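Visitor:
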Amino acid sequence: MIISQYYHNVKNTISTEAEITAAEAVIVVVVVVVVVVVVVVIMWMYMLALTLKTIDFFLSKFGSTFNLIVPIRVVVVVVVVVVVVVVVVVVVVAVVIVVAEVVVVKV
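Residue numbers (full-length UniProt numbering): 1 to 107.
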């Protein structure tokens with residue numbers, strides 16, 4: 001009877017610690033992913049600004065007309081926004097998969 005009681009106590013303690021560890025892992029993963037996504041978006045926006053300035057500089061140097069500047073700027077903005085959205089979606093899907101695996105392992 002005492003051994004059985006001890007076994008149940010140890011089993012409960014181990015499962016509780018596993019749940020806490022899983023919860024901590026999920027929290028750490030979510031925080032890291034949020035920070036990475038924010039940094040990536042800021043970097044992409046900075047690169048977009050530099051790219052647009054560079055395009056304006058070269059087009060003005062070569063005496064191009066305003067009719068050419070606008071479409072190139074639009075294309076660059078669209079490409080950068082699409083890339084940022086794809087990166088964010090991939091990261092979010094990866095987080096969901098990791099969290100789902102941790103939850104399944106916990107159960």
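The C-beta atom is built at its ideal place from N, Cα and C for all residues, glycine as well.
Only a predicted model underlies this, so the values are computations on that prediction, with no experimental measurement involved.
1. Only counting the same chain, and skipping five residues up and downstream in sequence, which positions put a Cβ closer than 7 angstroms to that of V33?
2. What's the C-alpha gap between V89 and V40?
3. Alpha carbon to alpha carbon, how far is V87 from K61?
4. Can you name, in chain order, every residue of its own chain whose Cβ lies under 6 angstroms from the Cβ of I72, other than the five neighbours on each side?
Guide: In short:
1. Counting from 1 along the sequence shown, the entry for residue 33 is found at position 33. Answer for V33: V91 and V95, listed in chain order.
2. Here residue 89 corresponds to residue number 89 of the sequence shown, with the count starting at 1. Here residue 40 corresponds to residue number 40 of the sequence shown, with the count starting at 1. V89 and V40: Cα-Cα distance of roughly 12 angstroms.
3. Indexing the sequence shown from 1 puts residue 87 at position 87. Indexing the sequence shown from 1 puts residue 61 at position 61. The alpha-carbon atoms of V87 and K61 are separated by roughly 34 angstroms.
4. Position 72 of the sequence shown holds residue 72. Beyond the five residues adjoining it in sequence on each side, I72 comes within less than 6 angstroms, by CB distance, of I55 in the same chain, given in chain order.
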